[in-house]
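In my numbering, the protein residues as written are 303 to 920.
This is how it looks when you write it as structure tokens:
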């Protein structure tokens, strides 16, 4: 490798490494079929990322490809030969301004289901080289496109790793079908272990390698990268109890230092999860199990409950956003959550997806392979694929007509209006009960239709997907009308993120709401809670007004409260070139109030729409 290539590789590695760290709070739960209340494998996953993330869903049809066609996902990654035919699949995209190599989820037409967790912090002297830039995103995408079973997906991944190597620091892939689940733990290069999940096991994994129960002599259920064990022995990170017999190989000890397992963001989730699964309060990070056989059977609702788990004292923490300092399983960076229940007929796989933090919004039931509701995306799959690593800033704009934003708004409102959290939990529980009550009957009817016509069955299930999504969306609008009935506006259509000039944000009074009672000293403006990372206080990333005055802005005879912010302050942490939802958080008569308007964040050379002189949203 020449010097120029080395510099390029270093830059790429740093950029991709930051992407992996962005997803540093994901959680995955696996319930084996003998540990499942329904006898079906259950997979649950929280997707966590920091920054401006849009969570979209698609159905990608099966396709035939030209001979000699090559695939290249990330700019710096290897080009890979395409196969002649690819399978159809459901795709949950993490649409990220920097491109998301490691966050998407899939269910393909053969029932192969994929979720992943970043596992960073490996030993530097154990990093292996890659070929032609290596592979990252391609691992999961090609498994979804090509795999006929979970085991076949593992083989596909192993072949790709052997050919190109993995360019990311580390990740654990969870791959399941109706018969079995596997985990493939990979670190940079061609170092990995694949292990079949036992039918009686429940597994939980945060963002560190957890795989310790690896009997390398069990070649039916365990596959180990060539030379990895020998290298671990040579490096002093593994000493078999019996020389030459590798039945006690501890992968997590061999590849990653102990401080990664004890890091607070991993320790806290492990502690909470295993307390839920086996009822034990484990306080030693080295004693967290990789898997357990619980005394009770786990169902979909149990997995949902686990993915919603917070630390016991979350309400006693910082009194700004609920998740300001949260290190629970559900936290500030949780953008969405999903639970899948496998089925022998892939079309009957059931999914339950929360489109924002699951502690604040409902899991909406759906059939992944019957096509998601149109409102779950704002692009077609081809465009989403083409722009996955090349999205323009405008693509990340707030869209008032995209329903998913209303789920995010509900979560953002309740983040600050903590007085409404208890009522909201009851509201979400009621909505979920309504949404899921007829799913067994729908599944039974779909199964009957499949005997007659697959097309009719799919259309029937798709109609269900549309109905449940629309009902959930309507419930979110009702909730917003109830808990966020007041009005505010940003008195400009565009904001210069580099300017010290000011912009007014108006909180309007109403018949039963006196905006002049808002406290300027307890007022913040800026990005919503979903658009920035964890462990961030409002004072860190939101601006406070430089001036506040009461005056009648809209001429209704009632004085409103006008907060003046610097444009630079209000727009901090926003993506230039996009229209953003801009949030106002304040206390009115001592009660928390959160609400939003939108404005374009200017870029050099493009000023966007004209300045607003009056409230265009009234």
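Positions of the beta carbon are idealized from the N, C-alpha and C atoms, including for glycine. From a predicted model like this one, the values you see are computed outputs, not experimental measurements.
Exposure of residue i, with buried meaning 16 or more beta-carbon neighbours within 10 Å
i: residue 791; result: buried
i: residue 554; result: buried
i: residue 480; result: buried
i: residue 628; result: buried
i: residue 841; result: exposed
i: residue 372; result: exposed
i: residue 714; result: buried
i: residue 606; result: buried
i: residue 750; result: exposed
i: residue 559; result: exposed
i: residue 547; result: exposed
i: residue 780; result: exposed
i: residue 561; result: exposed
i: residue 395; result: buried
i: residue 325; result: Interpretation of residue 325 is limited by its pLDDT of 43, a score under 50 that renders its predicted location unreliable; the figure taken from the coordinates is listed afterwards. Classification for residue 325: buried.
i: residue 368; result: exposed
Residue i to residue j span [Cα, whole Å]
i: residue 634; j: residue 626; result: 7 Å
i: residue 532; j: residue 493; result: 12 Å
i: residue 472; j: residue 624; result: 31 Å
i: residue 650; j: residue 523; result: 27 Å
i: residue 352; j: residue 836; result: 7 Å
i: residue 329; j: residue 513; result: 15 Å
i: residue 384; j: residue 365; result: 11 Å
i: residue 642; j: residue 902; result: 38 Å
i: residue 577; j: residue 657; result: 26 Å
i: residue 417; j: residue 486; result: 11 Å
i: residue 601; j: residue 502; result: 13 Å
i: residue 797; j: residue 904; result: 6 Å
i: residue 268; j: residue 448; result: The requested residue 268 is not part of the displayed model; the chain covers only 303 to 920.
i: residue 748; j: residue 377; result: 43 Å
i: residue 490; j: residue 731; result: 42 Å
i: residue 704; j: residue 402; result: 21 Å
i: residue 921; j: residue 391; result: Nothing about residue 921 can be reported from this structure: the residues present for the chain run from 303 to 920 only.
i: residue 874; j: residue 830; result: 11 Å
i: residue 362; j: residue 718; result: 38 Å
i: residue 415; j: residue 499; result: 14 Å
i: residue 893; j: residue 677; result: 34 Å
i: residue 405; j: residue 838; result: 22 Å
Delimiting residues of the beta strand (DSSP E) encompassing residue i
i: residue 397; result: 391–397
i: residue 537; result: Note, residue 537: premise wrong, no beta strand (DSSP E); not H, not E.
i: residue 867; result: 862–868
i: residue 448; result: Run containing residue 448: none in the beta strand (DSSP E); it sits in the alpha helix (DSSP H), 439–448.
i: residue 899; result: 893–903
i: residue 790; result: 790–792
i: residue 852; result: 849–853
i: residue 823; result: 820–828
Sequence-distant residues of the same chain with beta carbon closer than 7 Å to residue i, five excluded per side
i: residue 574; result: 611, 613, 630 and 631
i: residue 734; result: 664 and 665
i: residue 579; result: 504, 506, 594 and 596
i: residue 867; result: 804, 805, 807, 827, 845, 847 and 848
i: residue 380; result: 433, 434, 435, 436, 437 and 466
i: residue 802; result: 868 and 870
i: residue 551; result: 516, 518, 531 and 540
i: residue 591; result: 576
i: residue 699; result: 880 and 881
i: residue 934; result: One cannot answer for residue 934 here, as it falls past the ends of the chain, which runs 303 to 920.
i: residue 786; result: 715, 896 and 897
Close beta carbons around residue i, own chain, < 6 Å, minus the five adjacent residues each side
i: residue 343; result: 335, 478, 483 and 644
i: residue 526; result: 495 and 518
i: residue 667; result: 654, 737, 738, 741 and 770
i: residue 556; result: 534, 539 and 540
i: residue 619; result: 627
i: residue 549; result: 517 and 519
N-terminal and C-terminal residue of the alpha helix (DSSP H) that residue i is part of
i: residue 750; result: 741–752
i: residue 553; result: 553–557
i: residue 772; result: 756–785
i: residue 697; result: Per DSSP, residue 697 belongs to no alpha helix (DSSP H) and is neither H nor E.
i: residue 456; result: 452–466
Close Cβ partners of residue i (< 8 Å) along its chain, the five nearest in sequence each way excluded
i: residue 323; result: Residue placement at residue 323 is poorly supported in this model, since its pLDDT is 38, which falls under 50; the coordinates are not used for a value here.
i: residue 682; result: 360
i: residue 767; result: 668, 669, 672, 673, 674 and 675
i: residue 825; result: 846, 847, 850, 865, 886, 887, 888 and 889
Residue i Cβ short of 7 Å to the ligand NAP heavy atom set
i: residue 828; result: As for the ligand NAP, it is missing from this structure, which has no ligand bound.
Would you mind listing the alpha helix (DSSP H) stretches within the stretch 571–625 that are 4+ residues and don't spill past its ends, in chain order? 602–609
If you scan the stretch 492–541 from start to end, which runs of the alpha helix (DSSP H) of 4 or more residues do you find wholly inside it? 530–536
Only counting runs of 4 or more residues, tell me where the alpha helix (DSSP H) segments fall wholly within the stretch 650–733, in order along the chain. Fully enclosed alpha helix (DSSP H) runs of 4 or longer: 683–688 and 706–718.
At what residue ranges does the stretch 353–436 contain a whole run of the beta strand (DSSP E), taking only runs of 3 or more? 356–362, 391–397, 407–410 and 415–420
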